Amino acid sequence: MPALTVRDRRALKIGSLCILVYLVLFFGFQGGKFFTRKRADYLRLVQQARELQQEIQPYRDKAEVVKKLMESYKLDPAKLSRATVLAQANAAIQTAAVGQHLQVGPVRESPARPGNRELGAMQLEALGPVPALMSFLRQVDRLGFPLIVESLQISSDPARPGPVKMSLTIVILDFDQWKKEANHA
Amino acid sequence: MNAFDWNNTPAYYAEMGRDSLRVLGARGGLDLPLDRLPDRRLADACKTRVIQSLAGFLKGKPWQPRPRVVCAIGARGVSVRRLFLPPSSKEDLPRLLSLQVESEFPLPPEELAWGYAKLGDSKSDDPRPGQEVLVVAVRKETLDEYSSLLAPAGASPVFTLAALARSRLCPHPPADYSILDIGAQDSELVTFERNVPASLRTIAWGVGSPLSPSALPASGSAGLDLPSLLRRIEGHAMGRALYLTGHFPGLEELASRLAKLLANGIRCEAVRIPSGAGHSAATLGLRQSVELGDACPPIILHADHAPAAGPSRPAPIQWAAVAAALLLAVLSFPYLEALLFKPHLARKLQAITAEKGRLVDIDRELDFLRYLKQNQPDYVDAIFLLSKAAQPGARFDSLSLNQRGDLSLHGPMANAQQVGEFRAKLIDSGVFTNVAIEEQAPSPDHQRVIIRLSARWKQSIPEQALAAEPGGNDKNKEPSKPGAKDNPKAAPALAPPAPSAPEPALPSPGPAATPSKPSPPTKNSKD
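Protein chains in written order, with this note's numbering: chain H, 20 to 204; chain U, 26 to 552.
Here it is as structure tokens:
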């Protein structure tokens with residue numbers, strides 16, 4: 020192998036330097052593009068996060084209101100089973116009436132009226148002293164079911180002096196109707 | 026005392042003698058005997074014992090730094106020189122002194138521990154410009170031995186000369202004077218000229234063990250060989266006064282005897298040392314030096330006088346590299362942030378998006394529960410208002426209310442005026458509207474009137490309506506609302522009437538009541 024002259028060495032040095040500069044520039048640009056792309060993606064994600072935060076923000080208050088109402092009514096709509104809620108509500112109402120020492124009379128269930136967001140209705144007659152009736156009325160909407168007392172009649176029973184007779188029409192709401200509305204919306 | 030005293034460690038003052046170590050601190054003192062080998066080095070057992078005792082004595086709080094112990098050493102092996110140097114800056118003086126020490130002392134500076142004190146800018150008897158410096162030097166091994174006792178005990182020692190520290194205790198000394206410290210085996214004589222140490226000598230003359238008073242001469246100074254002492258000190262200039270220090274019971278007597286023996290009218294005076302652990306002329310002198318305001322003892326002996334290499338200044342290229350690195354870090358931070366945080370952010374966003382479906386559930390549940398709340402009429406409050414509006418003696422045979430807001434009731438009342446008042450109160454309550462007496466007819470016995478009333482009622486009854494008395498007659502009266510919602514006994518006005526009860530009842534099942542069929546929900550709703 021022939022010995023390298025000074026000129027050859029200088030040429031080799033310059034060539035190596037040029038290659039090195041080229042490599043640095045080449046990979047520098049590539050790296051720059053890579054990092055710029057990554058940063059753009061990151062900024063896009065940050066923007067998405069901000070939008071999501073703005074979207075979620077109002078739901079904090081809503082969730083709080085829902086929580087309070089659920090605690091107030093002792094009711095979790097998501098846990099209601101459409102198939103059994105009518106029977107469970109009927110049983111709970113009668114249990115509450117008996118718990119107030121009311122004498123439960125005829126109980127009639129009727130199917131939901133078309134166009135109404137209800138699961139069904141029931142008519143209940145009960146006999147008992149006025150304080151027990153009032154207490155029962157207070158209790159009806161806290162039984163853990165979506166109940167609305169549609170009408171109330173109180174009258175004296177001519178055959179039984181002393182206690183009074185109460186006739187209630189109670190509607191059981193259908194939570195699934197709200198689900199459908201939300202899906203349609 | 027200041028707020029930072031809790032972090033300050035108290036200073037300790039020690040005197041390292043030939044046979045004893047005395048330590049004086051703020052809380053008391055400690056005297057430890059030293060056992061030396063024939064070559065004057067400390068015995069290993071003695072070292073261990075002393076270190077243990079010192080460690081217990083110097084123990085401070087865990088957060089405090091190591092206590093500083095100013096240790097005064099004896100005159101044996103110590104050289105004192107007064108050097109005259111050419112003028113120099115304060116920074117150059119140690120370097121200049123180092124050269125001078127090399128030429129003045131028999132040992133190279135590397136083997137010496139030395140300290141200095143600047144006496145003045147020029148000699149009083151020399152007109153040349155310069156500066157006079159007092160240099161004190163001792164073998165480095167001597168201080169190393171003492172450090173090996175103090176440092177393992179948790180102390181941070183600095184060393185000075187005991188003979189110079191004792192001068193602090195001399196009461197009103199003249200310009201030229203001497204101090205003779207009488208020890209057990211040896212004594213130290215230091216002479217001051219114009220208040221500057223001029224010479225320091227060790228005299229082979231002592232009185233016995235200083236730490237065992239029983240070993241001292243029982244007859245005080247009577248048994249001491251004073252002529253021998255005089256022979257040893259008479260050859261030196263002692264100035265105008267000679268102060269005696271030492272732990273010797275007959276010190277004052279010795280001073281008076283010496284005063285008589287000394288020629289040239291030299292005043293001889295004993296320096297009284299209060300008895301106590303750790304007390305010696307040197308330790309007390311050091312303490313007094315600090316209390317008088319000198320932050321440091323006169324001369325501190327340093328074992329290492331190598332010129333401190335100045336902080337190496339980085340070359341400009343290094344600064345440039347640091348600046349470039351910082352610039353690169355600043356510029357690359359946004360890109361690094363993207364690289365580092367993007368996966369975490371993406372995961373979090375994905376999780377939140379997956380949970381977004383629950384927002385629809387919240388909306389739905391909220392609508393449902395609001396509907397339930399808005400459509401639940403408050404029947405109990407409406408009945409309560411009716412009972413409050415009714416006059417005593419009124420009775421309702423039947424009452425009908427529904428969700429659509431229709432109300433109808435049927436029952437007897439005392440007379441037409443009572444009917445009118447009842448209607449007026451219902452209207453005044455603000456809850457009932459469209460109040461109409463659909464039928465008013467006299468009862469079969471013509472004693473009362475039987476009415477059939479219809480009205481509209483608001484399903485959500487405001488609190489004010491419940492609190493206010495219908496008709497506004499008794500607004501200040503505490504309302505008799507059946508406040509306890511679940512307490513049936515809180516609604517006495519709605520109870521069935523006893524035969525003598527004047528309050529209205531609903532409906533009346535009494536024997537006199539006229540039963541009537543429950544009226545169906547009103548169909549003629551205006552809705």
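All C-beta atoms, glycine included, are put in the ideal place defined by N, C-alpha and C.
Keep in mind it's a predicted model, so treat the numbers as computed, not measured.
Residues of its chain near Ser505(U), where Cβ-Cβ distance is below 6 Å and the 5 sequence neighbours each way are ignored:
Because Ser505(U) sits at a pLDDT of 41, beneath the cut-off of 50, its placement in the model cannot be relied upon, and the following sentence gives the value as read from the coordinates. Answer for Ser505(U): no residue qualifies.
Let me know if Pro198(U) comes out buried or exposed under the rule of 16 or more other beta-carbons within 10 Å of its beta-carbon. The residue in question, Pro198(U), is buried, as its Cβ has 16 or more Cβ neighbours within 10 Å.
* Asked: Closest to Gly231(U) by CA distance: which of Thr270(U), Ile452(U), Ala223(U) and Leu194(U) is it?
  -> Thr270(U)
> Are any of the Cβ atoms in chain H nearer than 8 Å to that of Arg120(U)?
Replying inline: no
Exercise. Mind checking the region 386–409 of chain U against chain H and listing, in chain order, the residues whose C-beta falls within less than 8 Å of any C-beta there?
Key: Asp386, Ile387, Asp388, Arg389, Glu390, Leu391, Asp392, Phe393, Leu394, Arg395, Tyr396, Leu397, Lys398, Asn400, Gln401, Pro402, Tyr404, Val405 and Ile408
Hey, out of Ser186(H), Lys32(H), Pro96(H) and Gly34(H), whose CA is closest to Glu144(H)'s CA? Ser186(H)
*Pull out every residue of the region 415–430 of chain U whose Cβ sits closer than 7 Å to any Cβ of chain H, in chain order.*
Taking 7 Å as the Cβ-Cβ cut-off against chain H, the residues of the region 415–430 of chain U that qualify are Asp422, Ser423, Leu424, Ser425, Leu426, Asn427 and Gln428.
Review point. Taking DSSP as the reference, what is the three-state secondary structure of Ile462(U)?
Key: The three-state reading of DSSP puts Ile462(U) in strand, counting E and B together.
Three-state secondary structure (DSSP) at Asp431(U)? strand
Between Glu137(H) and chain U, is there a C-beta pair that is closer than 8 Å? no
| task | Helix, strand or coil for Ser154(H), going by three-state DSSP, please let me know. | result | helix
Comparing alpha-carbon positions, which option in Leu411(U), Leu432(U) and Ala363(U) lies nearest Leu63(H)?
-> Note that residue 63(H) is Arg in the sequence shown, not Leu. Nearest of Leu411(U), Leu432(U) and Ala363(U) to Arg63(H), Cα basis: Ala363(U).
### Query
With DSSP run on the structure shown, which of helix, strand or coil describes Ala97(U)?
strand
Determine whether the Cβ of Tyr360(U) lies closer than 8 Å to any Cβ atom of chain H. yes
Item checked: Environment of Ile204(U) [buried if 16+ CB atoms lie within 10 Å] -> buried
(message) Just to confirm before moving on: does the CB-CB distance between Pro58(U) and Ser78(U) stay below 8 Å?
(response) no
What would DSSP say about His369(U), mapped onto helix, strand or coil? helix
**Item:** Contacts of Val126(H) in chain U (Cβ-Cβ under 8 Å)
**Value:** The contacting residues do not exist; Val126(H) stays about 16 Å from chain U at best.
Could you spell out the range, first to last residue, of the beta strand (DSSP E) harbouring Cys37(H)? It is not in any beta strand (DSSP E) - Cys37(H) instead sits in the alpha helix (DSSP H) that spans Val25 to Tyr92.
- Between which two residues does the alpha helix (DSSP H) harbouring Arg256(U) extend? Leu251 to Ile258
* Lys93(H) versus chain U: which residues are under 9 Å apart at the beta carbon? -> Neighbours of Lys93(H) on chain U: none; closest Cβ ~12 Å, over 9 Å.
| task | Verify whether the separation of the beta carbon atoms of Gln122(H) and Gly147(H) is less than 8 Å. | result | yes
Note down, in chain order, each residue of its chain lying with its Cβ closer than 8 Å to the Cβ of Ile324(U), except the 5 sequence neighbours on either side.
Gly140, Tyr141, Ala142, Leu159, Val161, Thr185, Leu186 and Leu189
> Is it right to say Tyr268(U) is buried, meaning 16 or more other beta carbons lie within 10 angstroms of its own, or is it exposed?
Replying inline: It counts as buried.
In whole angstroms, what is the alpha-carbon distance linking Glu70(H) and Ala379(U)? 15 Å
Notebook entry, point to check: Between the region 473–487 of chain U and the region 397–415 of chain U, do at least 3 Cβ pairs fall closer than 8 Å?
Noted result: Output reads yes: the region 397–415 of chain U touches the region 473–487 of chain U.
Reduced DSSP secondary structure (H/G/I, E/B, other) of Glu488(U): Helix, per DSSP.
Item to complete: Flag Ile452(U) as yes if its beta-carbon sits less than 8 Å from any beta-carbon of chain C, otherwise no.
Response: No chain C appears in this structure, whose protein chains are H and U.
Going by CA-CA distance only, name the one from Pro222(U), Arg219(U), Val221(U) and Arg226(U) that's closest to Asp211(U).
-> Arg226(U)
Notebook entry, point to check: Mind pulling the chain U residues with CB within less than 7 Å of Phe66(H)?
Noted result: The question names Phe, but residue 66(H) in the sequence shown is Gln. Chain U residues near Gln66(H): none, gap ~11 Å exceeds 7 Å.
From which residue to which residue does the alpha helix (DSSP H) around Pro130(H) run? Here Pro130(H) belongs to no alpha helix (DSSP H); instead the beta strand (DSSP E) covers Gln122 to Pro130.
Contiguous alpha helix (DSSP H) assignments of at least 4 residues, all confined to the region 42–129 of chain U:
69–83 and 118–129
Do Glu136(U) and Arg164(U) count as a contact pair if the criterion is CB distance below 8 Å? yes
| Bridge partners of Trp139(U), per DSSP? | Trp139(U) pairs with Ala162(U) and His327(U).
- Find the residues of chain H that neighbour Leu374(U), judging by a C-beta separation of less than 8 Å, and give them in chain order. Leu64, Gln67, Ala68 and Leu71
Worksheet entry | Within chain H, partners of Ala492(U) - CB distance below 8 Å | Correct list: empty, because the minimum Cβ distance to chain H is about 19 Å.
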